[in-house]
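Numbering (the working numbering), first residue to last: 12 to 142.
Given below as structure tokens:
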């Protein structure tokens, strides 16, 4: 996944292998990616989704848990708020509407599309469930 994940406009590439906790972060110099730095997250990664304002959601293997991350100025992942799927569900994604609103998507453990949406608003320090 590629995007500006810091307070600057610099572009970073997030590189991961499903089932591995390693996250590689590579900064772009404008025309190519520089050598990536590798970081170990708290659990194996299932997938990653952009949220907004340099934030991304890492859904961990098994899809029951996820955590928001940002990157510091050196490109190191900084863990933020954690989220869990509703009972009997798995996290399937997130829709970031702007820097202050997002919807966390989940669906049945057996697979398939999202069937539940939980809305959150950022109050300046944490995401609070609003719907």
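Glycine included, every Cβ here is placed at the ideal spot set by N, Cα and C.
Quick caveat: nothing in here was measured; it's all calculated off a predicted structure.
By the neighbour-count definition (other C-beta atoms within 10 Å, threshold 16), residue 93 is an exposed residue. Straight through space, the alpha carbons of residue 111 and residue 134 are spaced by roughly 7 Å. Counting the other Cβ atoms within 10 Å of the Cβ of residue 89 gives fewer than 16, which makes it exposed. Judged by DSSP secondary structure, residue 22 falls outside any beta strand (DSSP E); it is assigned neither H nor E. Under the three-state reduction of DSSP output, residue 109 falls in the coil class, being neither helix nor strand. Relative to the Cα of residue 83, the nearest Cα in the group 60, 58, 67 and 123 belongs to 67. Contact annotation: residue 56 and residue 32 have beta-carbon atoms nearer than 9 Å. In summary, residue 13 is exposed, with fewer than 16 beta-carbon neighbours lying within 10 Å of its beta-carbon over all protein chains present.
Excluding sequence positions up to five before and after residue 137, its CB lies within less than 7 Å of the CB of 92, all in the same chain and listed in chain order. The residues 23, 36, 38 and 48, in chain order, have a CB closer than 7 Å to that of residue 86 in the same chain once the five nearest residues on each side in sequence are set aside.
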